[in-house]
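In mature numbering (1 follows the signal peptide of the UniProt record, and there is no 0), the protein residues as written are -30 to -1, 1 to 945.
Even glycine gets a Cβ: it sits at the ideal position worked out from N, Cα and C.
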């Protein structure tokens, strides 16, 4: 190592030490707000938000322009002061979906606006969903209107000419469902020839690795590194307390408020970075209101309540001052109860009331602000979508039930493939396990303490200098042996593979990417964009290109990713994308894709495409392309559910972060992305034992279940906390494993129907208004109700049980409660309040094993919640090989269970595809049996089955016969 290199290493070490000390000195997590723009500091948002409804400039329908065009209806709209008419089209899809598009007419000299072909399902699948939309006869319409009805009779739309408005209603009852442009907020920045393609001015869009900054004394200091918080680290080891870029410019960032009177296409500066906006103003927006609805949900991801707060209108303690921001960002130490942007976004808003459910999808991947308001005259909820660019592409899902809305959205953007079973188990992660010996010791300790887990993770330190697809040869010299040892216990490993590539000519991935020209380009479109991330000076692959995605997928082959095995899966982080020295810790908007599109157009899709390419790589690395992959991504967009799992990012070891995780995960699930979780224990900071235990309890009943921690935190593997704490956490994790058959079945239901795995209570009781504001408890499917403890020192808590249902305690003593009321439930440290719906049958596996793979051939236990009103109880079980895509070829089995209380008979059917399977039951547990039966008989053989009846709890347990299990199909009679 040269003297210069040694000096630089010492500087970086000192800088890291200072950063750690600063972290330890802080007692609370707090985002640096100065790094991130507000609406007032964002020209397109400020202009649209301030304009409001202006009837005199409102858009109107051009008289007589409406016409039937095949199965579509087309028209044109215009407004005073605009450059010309806009093209309007309507299309209907089956199930009750109406799509409205507004675009500029094609013009010479103007490039068409960016639209991603990949957010929605492919054209062939959408064509299958399409249904004719017909103009109704003129005599059916009032003057100045026309109407359309979908051929399946699910939706009718009435278009008002002046001002232009679209009302969607139920064709049978006439109930209004949704109103588009009811407040005349439709906005469309039109361009003239010459606006497109010519840079208006040249501006410095950000400094490189050798940027100079000024110290407190005004002297120049060389920046040698950047932190994830976007702050520069200088050669003297100090970290700047201001933003990245020029410190004085950062300090003045708050003054950068673009007014509606300024040139809408002028350059904008923020935090020392200037966006030249070479194509001028291109923003679009529209308001959407939901008649009769007082609650809105969705538009994840925000660390905010599940029922969305208002951002406009009369001030109140419950309202936000800022609109919800949808712009994928690496937000270091994010705060809760905030509408600020986070790591990923889905522009789907869902409205629910006792009268029905509806939703609107805003198909636009550019930066978007979303205002939520209560209309003054009615109190109805209104959404105002404000996007920087793109087109107006609105999809209305008419419901009318929650199930309908979930299925309608899934028909547009798809569902999550059934995950490989191991990924539904418990994941053990931290930044970072040090070396192979550390991995071996952690695994041995889990074995020693009889603690189940399925996956162990390696963060960025496992690589050779943050060069992804490599291993640190000193710490991980034999990676395949390490993975094989883990696989011996039926477990997997995950390594991190981020999208930023270290610019090092000795690094084969960079060398080839540069040679092939696969990096995103700078604003000029010719040179590679360069930014700073974990490896230092980095470039970023253009995942919007199918060619680049295929090349990236090829890097996961066993030949290219040396040291990988079939037991290795992938974690995609920092893919917002994160650029430490970029504007808002991201990429300049003027950077260009290989097709020449500015980054501003597709920013929110970067993580979407990154995860997709990674998923393809894991599939294609195996012969036959038939093994299901597991890929976790931090960034996402609508449609990301098709590619894998996500998590809620870098949370904190605080009770408030545990509490908000429920709201965040519910928002993600109703927005079509079910495979999601939050870091158990909190990423930043050190949880005390009580917080850690309660977080495990909540995480065990959330879809993605991973413990993770920052590199500067204390080690927190469960076996480090003493026997009592270990025993309670092990019990919690064991509960998760006992329910894996239930989880797996729920994901099968999701893939085939679009229903969320984690659901709000109003999905089961849609007319129970008490449930509309609840985000701290949830349903799994519609059969388990979960209310975790999220406050310290709690030994009991209030749980609301929805109207029209009855529930049993999941654990002893299995007491039954009637719905429509709040109950007080005991919640000592070893218990999480979970309830089984009366009328449900839950499949479980009760034998404690080291991993899910070891449970594969275990028999099942059925938990039957007997309906106290004498109705039937029902449930299902889905089984396949847990590993491959063969289930899509019919290689799976489905069982349906039914308990007829009147006939006192439990039956189970079995339907298998190409491969027959033998499934067995070892135990039946009936909750709420009114009396002890005199006899329990297996009908097929007339064999008497052993049973135990608890007179106090009214729980009947039927055990397996002495020499065999109960085979499926079966029927059991109780006398």
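For residue 833, list the residues DSSP reports as bridge partners. Beta-bridge pairing links residue 833 to 812 and 895.
Local Cβ density within 10 Å of residue 448, reported as buried at 16 or more and exposed below that: Counting Cβ neighbours within 10 Å, residue 448 comes out exposed, since fewer than 16 surround it.
Indicate the three-state DSSP secondary structure (helix, strand or coil) for residue 146 in the structure shown. Assignment of residue 146 by DSSP, reduced to helix, strand and coil, places it in the strand class.
Is it right to say residue 570 is buried, meaning 16 or more other beta carbons lie within 10 angstroms of its own, or is it exposed? Taking every protein chain shown into account, the CB of residue 570 has 16 or more other CB atoms within 10 angstroms, so this residue is buried.
Sequence-distant residues of its chain with Cβ nearer than 6 Å to residue 293 (five each side left out): 9, 281, 339, 340 and 341.
Along the chain, where does the beta strand (DSSP E) containing residue 937 start, and where does it finish? First-last of the beta strand (DSSP E) with residue 937: 936 to 938.
Between the C-alpha atoms of residue 57 and residue 44, what's the straight-line distance to the nearest angstrom? Looking at the backbone, the Cα of residue 57 and that of residue 44 are separated by about 8 Å.
For the stretch 381 to 391 against the stretch 601 to 615, do three or more pairs of beta-carbon atoms, one drawn from each stretch, fall closer than 8 Å, so that the two count as touching? Touching, per the Cβ criterion.
Classify residue 577: buried if its beta carbon has 16 or more other beta carbons within 10 angstroms, exposed otherwise. Per the 10 Å Cβ criterion, buried.
Can you name the start and end residues of the beta strand (DSSP E) that residue 525 belongs to? Residue 525 -> no beta strand (DSSP E), and no H or E assigned at all.
Note down, one range per segment and in chain order, each beta strand (DSSP E) of at least 3 residues found wholly within the stretch 350 to 431. Fully enclosed beta strand (DSSP E) runs of 3 or longer: 351 to 357, 362 to 367, 396 to 398 and 425 to 428.
What are the boundary residues of the beta strand (DSSP E) that includes residue 70? Going by DSSP, residue 70 is part of the beta strand (DSSP E) stretching over 67 to 73.
Give the DSSP-derived three-state secondary structure of residue 311 in the structure shown. Of the three classes helix, strand and coil, the one that applies to residue 311 here is coil, per DSSP.
Identify whether residue 183 lies in helix, strand or coil by the three-state DSSP scheme. Its pLDDT being 43, under 50, residue 183 is placed unreliably in this model, and the value from its coordinates should be taken loosely. Strand at residue 183.
If you compare alpha carbons, which of 839, 115, 938 and 761 is closest to residue 876? Taking residue 876 as reference, the option from 839, 115, 938 and 761 with the minimal CA-CA separation is 938.
Per-residue DSSP class, three states only, for residue 30: Assignment of residue 30 by DSSP, reduced to helix, strand and coil, places it in the strand class.
Assess contact between the stretch 502 to 522 and the stretch 433 to 440, defined as three or more Cβ pairs (one per stretch) separated by less than 8 Å. Is contact present? Touching, yes, given that three or more Cβ pairs across the two stretches are closer than 8 Å.
What are the residues that DSSP puts in a beta bridge with residue 463? Beta-bridge pairing links residue 463 to 426 and 538.
Segments assigned beta strand (DSSP E), at least 3 residues, entirely inside the stretch 749 to 813: Within the stretch 749 to 813, the complete beta strand (DSSP E) runs of at least 3 residues are 754 to 756, 766 to 771, 776 to 779, 786 to 788, 791 to 796 and 804 to 807.
Per DSSP, which residues does residue 864 bridge with? Please list them. The partner list for residue 864 (beta bridge, DSSP) reads 848 and 881.
On the DSSP bridge assignment, give the partners of residue 508 in chain order. Looking at the DSSP assignment, residue 508 forms a beta bridge with 472 and 501.
Residue 337 burial status per 10 Å Cβ neighbour count (16 or more: buried): Counting the other Cβ atoms within 10 Å of the Cβ of residue 337 gives 16 or more, which makes it buried.
Where does residue 918 land, buried or exposed, given buried means 16+ other C-beta within 10 angstroms? Exposed, since its Cβ has fewer than 16 Cβ neighbours within 10 Å.
Could you name the residues that DSSP lists as bridge partners for residue 637? Among the bridge pairs identified by DSSP, residue 637 is matched with none.
Among 251, 323 and 335, which has the Cα closest to the Cα of residue 605? For residue 605, the closest of 251, 323 and 335 by C-alpha to C-alpha distance is 335.
Identify, in the order they occur along the chain, each residue of the same chain with its Cβ nearer than 8 Å to the Cβ of residue 489, setting aside the five sequence neighbours on each side. Cβ neighbours of residue 489 beyond the five flanking positions: 471, 483, 498, 499, 509, 510, 511 and 512.
Using CA atoms only, rank isn't needed, just tell me which of 263, 592 and 357 is closest to residue 155. For residue 155, the nearest C-alpha among the options comes from 357.
Could you check the C-alpha separation between residue 695 and residue 412 for me, to the nearest Å? Taking the straight line joining both Cα atoms gives about 17 Å.
Buried or exposed: where does residue 429 fall if 16 or more other Cβ atoms within 10 Å of its Cβ makes it buried? With 16 or more other Cβ atoms from the protein chains shown falling within 10 Å of its own Cβ, residue 429 counts as buried.
Using only the alpha-carbon positions, how far apart do residue 76 and residue 239 sit? CA-CA distance, residue 76 to residue 239, rounds to 32 Å.
Any chance the stretch 712 to 732 sits against the stretch 681 to 699, with 3 or more Cβ pairs inside 8 Å? They do not touch, by the three-pair rule.
Stretch-stretch touch, CB-based, cutoff 8 Å, three pairs: the stretch 803 to 813 with the stretch 830 to 840: Yes: the two stretches touch, three or more of their Cβ pairs being nearer than 8 Å.
Say whether the stretch 450 to 462 touches the stretch 530 to 538, bearing in mind that this needs 3 or more beta-carbon pairs closer than 8 Å, one atom from each stretch. Contact annotation: the stretch 450 to 462 touches the stretch 530 to 538, with at least three C-beta pairs closer than 8 Å.
Can you give the beta carbon distance from residue 794 to residue 766, rounded, assuming they're within the 8 Å contact cut? Indeed they touch by this definition, with Cβ atoms about 5 Å apart.
Between which two residues does the alpha helix (DSSP H) containing residue 485 stretch? Note, residue 485: alpha helix (DSSP H), 478 to 486.
With a cut-off of 8 Å on the beta carbons, I'd call residue 290 and residue 309 a contact; round off their distance for me. Rounded, the Cβ-Cβ distance is 5 Å, consistent with contact.
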